Structure formats: structure tokens, C-alpha cells
Amino acid sequence: MFSKVLIANRGEIAVRIARALQELSIASVAVYSELDRDAVHVKRADEAYNIGDGPASENYLKIEKILDVAKRAGAEAVHPGYGFLAENAPFAQACEDSGLVFIGPPASAIEAMGSKTRARELMQAAGVPIVPGTTEPVATVEDALRIAGEEIGFPVAVKAAGGGGGKGFRVALSADELPGAFEGSSREGEKFFSDATVYLERYLHDPRHVEVQVLADRHGNVIHLGERDCSIQRRHQKVIEESPAPEWIVDEAMRERIGKIGVDAAKAVDYVGAGTIEGLFSAREGAEPEYFFLEMNTRVQVEHCVTEMTTGIDIVKEGIRAAAGEQLSYAQSDVHLRGHAIECRINAEDASKNFAPAPGRIGAYREPTGPGVRVDSGVQAGGEVSPMYDPMIAKLIVWDADRKQATERMLRALDEYEIEGLKTLIPFHRALLSTEQWARGETCRDLLEDKSWLKTLAFDAPVAAPADDEYERTVEQAYAVEVSGKRFDVRVVGPPFAGAGAAAASNGAASAAAPRAAKRSQRKSSGGGAGGDLLISPLQGNMWKVLVKQGDSVDEGQLLCIIEAMKMENEITAHKAGVIAELPIVEGEPIQAGAPIATITAAAESDA
Ligand code: MV4
Numbered sequence: 003m004f005s006k007v008l009i010a011n012r013g014e015i016a017v018r019i020a021r022a023l024q025e026l027s028i029a030s031v032a033v034y035s036e037l038d039r040d041a042v043h044v045k046r047a048d049e050a051y052n053i054g055d056g057p058a059s060e061n062y063l064k065i066e067k068i069l070d071v072a073k074r075a076g077a078e079a080v081h082p083g084y085g086f087l088a089e090n091a092p093f094a095q096a097c098e099d100s101g102l103v104f105i106g107p108p109a110s111a112i113e114a115m116g117s118k119t120r121a122r123e124l125m126q127a128a129g130v131p132i133v134p135g136t137t138e139p140v141a142t143v144e145d146a147l148r149i150a151g152e153e154i155g156f157p158v159a160v161k162a163a164g165g166g167g168g169k170g171f172r173v174a175l176s177a178d179e180l181p182g183a184f185e186g187s188s189r190e191g192e193k194f195f196s197d198a199t200v201y202l203e204r205y206l207h208d209p210r211h212v213e214v215q216v217l218a219d220r221h222g223n224v225i226h227l228g229e230r231d232c233s234i235q236r237r238h239q240k241v242i243e244e245s246p247a248p249e250w251i252v253d254e255a256m257r258e259r260i261g262k263i264g265v266d267a268a269k270a271v272d273y274v275g276a277g278t279i280e281g282l283f284s285a286r287e288g289a290e291p292e293y294f295f296l297e298m299n300t301r302v303q304v305e306h307c308v309t310e311m312t313t314g315i316d317i318v319k320e321g322i323r324a325a326a327g328e329q330l331s332y333a334q335s336d337v338h339l340r341g342h343a344i345e346c347r348i349n350a351e352d353a354s355k356n357f358a359p360a361p362g363r364i365g366a367y368r369e370p371t372g373p374g375v376r377v378d379s380g381v382q383a384g385g386e387v388s389p390m391y392d393p394m395i396a397k398l399i400v401w402d403a404d405r406k407q408a409t410e411r412m413l414r415a416l417d418e419y420e421i422e423g424l425k426t427l428i429p430f431h432r433a434l435l436s437t438e439q440w441a442r443g444e445t446c447r448d449l450l451e452d453k454s455w456l457k458t459l460a461f462d463a464p465v466a467a468p469a470d471d472e473y474e475r476t477v478e479q480a481y482a483v484e485v486s487g488k489r490f491d492v493r494v495v496g497p498p499f500a501g502a503g504a505a506a507a508s509n510g511a512a513s514a515a516a517p518r519a520a521k522r523s524q525r526k527s528s529g530g531g532a533g534g535d536l537l538i539s540p541l542q543g544n545m546w547k548v549l550v551k552q553g554d555s556v557d558e559g560q561l562l563c564i565i566e567a568m569k570m571e572n573e574i575t576a577h578k579a580g581v582i583a584e585l586p587i588v589e590g591e592p593i594q595a596g597a598p599i600a601t602i603t604a605a606a607e608s609d610a
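Numbering (our numbering), first residue to last: 3 to 610.
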């Protein structure tokens, strides 16, 4: 087994990995950007190194620097978590080349599954059912029209070969929609994956997203841990996941079938570690239910926790063991599912404003506890949620004997969760889990697009911000000191240090107080929009599309533009009805958090 492992990630997953390492008696090494100097994952690890010059969004992607730190710290392996370098085949290869173990599958498996057309070809050859369609790239619109018309039939899905997770996904209901869908998918593939290649699939009507967790070791053992149902998605981002799928949707025979598909898929690419086979489950009225391979995620996933709750198997630890060359601790016959688990992603987002990111400083913070409740988080009271990183700040997971009781337990835990200072999806989760649609196990697609329903989730007035004076009584303060880029924690006992810049480093180690928060006035933008006529950008990114022009009349909630940040498209909507007086944004150009997007004046005002 390893004695020291570097965690090339941040946030909750870095904390999750550090915990697994500690339980395995392995020392952990964190890396961090300037913005994350006081982040939870940094303190949770045994050592931490600053890799943070340059743009914050790129720090955790710096291959050379991360490998360098691993060498310097004496780590023998690197855990990539999810996102960032997790499914980067050149990174996996670079690790191996420099004598470090990449905790994950071989680079060849990442690469094979990275190309969706190659993956479909391989899966078909391995006898894994794929969504009917092409396994070869489709070169031209003319080819697409012919194949869709003669071989697949409309409607068709157009997907980017380099894509995944819904990026580059378009639907053509009929032939006249195909050119637009083809262009759109190809353009998005080129933009996000530098690969304009597209392929076609039969478009399934309202399928469920059902995936299966697999574990593989270097000795040829591959097992599955049952399915997860992740059908509740918003713009291809999962928001609620559960395991198993509702019992009236996936029965024991189907579970076995899906499990076998997962194992066959993993074996076909000589997989090692924890991985997930994503699929579409289609059960049309009167027809036999069908399950098709969609893609494989060659990493540990955000939602792995629901499977841990129902199987009792620590997926992260098994992944580390497998990477170290040990045998899996379980055979397939040791895997038994028990009860039901649900996960809610706690994102700093405002569901009532089209799920706009809502970064800011957290005030008071208290996580739910009690029977059957687990919180995997990467934040703390007084911590800053940066617009530079993913808005998912925590995951709330519950377990109970069945789906109905797990739902009730989740509602109780959501009630207990206190997060002051910023807007989160907690009200959204509470509302959604209280619906009949959820109780019936529907995909809730209409609900997630229902503007008037989402609007009912608006936050009352400004969310409670941390009181300025509450946090200044600290008498024992923790400071971070960096020596040659390596981080050390020191504690200073005495009156609060009043010098400029001290606030950011203090962390109230002894008292219950959180670090001194920023002044109220500086926190104003946390809701994503300033008061009055001016609409400001809640995040930094690239202006991907502008859908209105100066002089247009807009309704409150109308889509104005789309900002691309961290590979996500963020819809920005009008904060009020009126006329667009100013629109200082340009498609294709970068935009900073806090920069103006539009000035919207009351219609009467501009008529005058
Ligand atoms: C599909 C589909 C229908 N037909 N593919 C792909 C990425 C994933 N995030 C959603 N994807 C879909 N692919 C074909 N051939 C419908 C979806 C889909 C979806 C699937 C399951 C649950 C929720 C969904 C929401 C939007 C789109």
C-alpha cells in the first residue's frame, strides 16, 4: 500500500479522499490555489502546497506543477477526484511516466471511453447494447439526413463525439431540424473538446438516466454495486440522485442485466478502480423496458455516496486499494443492497433565477446530523464560495429503509441545514421532494423547466449575511504560513490582529466564531444582481451567446445571454421587466464577475 498520496483536487471530493487516506493510514498531500489558501480541503490534508499563480480556474489543471509537488512531497500516487484532471489521459500517462501511480484506470481506458464513437464501437463489439445509431462519425449534413431518414428514423439525437454529459447534445424532431442540430452539436464539440465530430442516435422519449457503479482490480476482478437513478437533471447537470432506482422501475432481473452490462463494459477496456457506466432506461407504455449504454465515466463520481450507503462499500478506498495492486475486498456475491439512499447536491445557486450561480461568503453554517444522514462538504462558516469554481459546495445524503422514508428523512435533514449568507438549492430540493411527481418516481422534466414553479422558490429579501461584529471576539487565531510554497498552520493567542489583510488568514480556531467577514457592503453582489436597473454578471466566464439587443423590451425572467464558465452554460435572465438601455456585452468576449451585463429601465421611462 502507498504511504503518501497527493490529492489533485479541491472542495468536498478532496476532503472525501483525505478521509479515505487517513483510514488507510496513508499520508495526504493537498494542493491549493491562492483563493483556496484557507479552504477546508487544505486543512484536512496532512501537508499542503500552493500551486496558485495565474488564473484560479487553471491551478488544478497544471500537470507539471502538480507532478512536481508530488515528487517534492514524496507522494507515490495521485488521486484526481472528479473534474479537473480526472479523465485526462495525458495526465494519467504523465503520472505513470514520472513513476507515480495514477489512482484510476489506465490511460488507454480513459482514451477509449473519451471518444464516444470509439466507445460505442467497442461496446457493440463486447455485446453491450448501445442506443441504436451510428458508431462511425457522420461527416456531413447530407450523410446525416440520409442515415436519419433511412436507417434510424426521426426524431434523432445529434451528439458530439468528444462530448459527454450533454455537451453538444441536440435533438432533431424532423428532417428540417437536422441541419441546425448538426451544426449546433458540431460547433459545441469544437468549442469545448476541440473536436467537431458528431454521431447520431435514435432519440428516446423521456428516458431515465440509470447508471451502474463498477469496481475493478488489476487481477481481473470486476464487480458492480447496483444502479443509481439520476433522472432529475437541470440542463444536463444532475441535481438529485438515488440508489436503487424506484423499485417499480428497475426490478431484480433488470438490475442484474444492467449490472452485467456494467461489468462487460469495464472488462472490454481493462478497467481498474472505480468507474460508472451511464445508460438510458426507456420504458414506453406497453413495451418491454430497454437499457442502453450511453457513456462510461472513468473516475469516481459525485453521486458515488448513495451507492456507498446502500452497499456499505467504501468506493474511494476500494479505488485506492485497486490502484495499489491489491485485490478488491468484495466478490460479487458479497454485494447486497439494503434500503434506499438519496443525494441532494447543495449548490450555491438560485433556482428561482434560472439556477444562476450565487457565490459569496458563508455566514453561520450548521450541517444536519442524526440517524441516516451524511454530509460530504468542502465549506465552513466564514468561507468564501468563489465564482471561479464549481458552485457545488456540499452533498447531503440520507439513507432509510425505503424510498418514502428516505424522502421524509431528506426533508428533515434539509430543514436542519443552516447556511447563512448565500443562496443555495435547499429550498428547491425541499419543494421538489414534496411533489407528487417525485413520489411517483417521474423524471420531473416539465417541473425543472417550469418558470412559474421555479419562481415560487424565490428567496425572501436578502439572505441573512454574517454580522460583522459577531466574528471579532476570537482570542486564539489560526494563521497559514507558507515556507517555500509549503503550507504550515500556526496558532497565535492574543487579541485579534487588526492589521490589514489579517482577516483572510484568521480562522477562529478556539472560539466558535468564524473568520471576520467582509463588510456588508462588499457582499452585495452575492445574489447575482445589483439592485435597481443594473444587472451584473454573477460569474467570470466567456460570453457564449447574446440573445437581445439594445432597445429591446424584455420581460422579467427573459433569457438575455449565456455565459460559459467551467464548461457550463449559465443562463442570465432579466432581473426586471423593461427596456434594455445599455448592453455592454459582446459575444465571444470574456466577462468578469461583477461586470455590467445590461441596464434595464422601466418601459415608460425610456419612452419619454
Ligand atoms: C439522450 C436522450 C434521448 N435520446 N439520448 C445525454 C446526456 C445526459 N445528461 C442527458 N442525455 C440524453 N440523451 C438519446 N438518444 C435524452 C437525454 C436527456 C436525459 C436523459 C435522462 C434523464 C434526463 C435527461 C434530460 C435531458 C436529456
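Think of the CB as a built atom: it goes at the ideal place given N, C-alpha and C, for glycine as much as any other residue.
Computed from a prediction, not measured in an experiment: that's the story for all the values here.
Tell me whether residue i counts as near the ligand MV4, meaning its Cβ is closer than 7 angstroms to at least one heavy atom of that ligand.
| i | result |
| --- | --- |
| V252 | no |
| T445 | yes |
| H431 | no |
| R347 | no |
| R210 | yes |
| F171 | yes |
| Y205 | yes |
| V133 | yes |
| Q235 | yes |
| A159 | yes |
| H238 | yes |
| L282 | yes |
| G168 | yes |
Locate the alpha helix (DSSP H) running through residue i, then write down its first and last residues.
| i | result |
| --- | --- |
| Q95 | A91 to D99 |
| Q235 | First-last for Q235: V224 to R236, but that is the beta strand (DSSP E), not the alpha helix (DSSP H). |
| L1 | Residue coverage of the chain in this structure runs from 3 to 610, which leaves residue 1 outside it and unanswerable. |
| A16 | G13 to E25 |
| E438 | E438 to A441 |
Since residue i is in the beta strand (DSSP E), which residue starts that stretch and which ends it?
| i | result |
| --- | --- |
| G281 | G275 to S284 |
| Q239 | Q239 to S245 |
| M115 | Here M115 belongs to no beta strand (DSSP E); instead the alpha helix (DSSP H) covers A109 to G116. |
| M311 | M311 -> not in any beta strand (DSSP E); alpha helix (DSSP H) instead, spanning H306 to T313. |
| R692 | Residue 692 lies beyond the range of the chain shown here (3 to 610); nothing can be said about it. |
| A50 | E49 to N52 |
| S187 | Element bounds for S187: not the beta strand (DSSP E) but the alpha helix (DSSP H), L180 to F195. |
| H81 | A79 to H81 |
| I149 | Run containing I149: none in the beta strand (DSSP E); it sits in the alpha helix (DSSP H), V143 to I149. |
| E584 | G580 to E584 |
From this set, the options, which residue's C-alpha is nearest residue i's C-alpha?
| i | options | result |
| --- | --- | --- |
| N223 | R122, G281, L330 and W455 | L330 |
| M311 | P92, I105 and P246 | P246 |
| L217 | A343, T142, A88 and H226 | H226 |
| E484 | S30, G580, A150 and I53 | I53 |
| P108 | E89, R120, Y481 and I263 | E89 |
| D352 | I399, N572, A324 and Q552 | N572 |
| A350 | W455, S188 and L541 | L541 |
| E444 | E243, Q215, E305 and G362 | E243 |
| A16 | E422, V381 and I574 | V381 |
| Q215 | Q594, P361 and R301 | R301 |
| Y62 | K45, G85 and E98 | G85 |
| I399 | S100, L424 and E369 | E369 |
| V200 | P209, R189 and H207 | R189 |
| V318 | H338, R21 and G165 | R21 |
| E422 | S284, G362, S436 and K578 | G362 |
| R220 | G314, D197, G321 and A267 | G321 |
In this structure, what does DSSP give as the bridge partners for residue i?
| i | result |
| --- | --- |
| S379 | A396 |
| Y481 | V492 |
| Y201 | K161 |
| Y62 | In the DSSP output, where bridge partners are listed per residue, Y62 has none listed. |
| C346 | I242 and L398 |
| R172 | V160 |
| M298 | I279 |
| H211 | L282 |
| L536 | T601 |
| N572 | I565 |
| E292 | S284 |
Less than 8 angstroms between the CB atoms is what I'm expecting for residue i and residue j, so what's the real figure, rounded?
| i | j | result |
| --- | --- | --- |
| A58 | H43 | 15 angstroms between Cβ atoms; not a contact. |
| S233 | H211 | 5 angstroms |
| L413 | R236 | Wrong, their Cβ atoms sit about 20 angstroms apart, outside the cutoff. |
Taking only heavy atoms of the ligand ADP into account, decide whether any of them is closer than 7 angstroms to the Cβ of residue i.
| i | result |
| --- | --- |
| E451 | Of the ligands one can find in the structure shown, namely the ligand MV4, none is the ligand ADP. |
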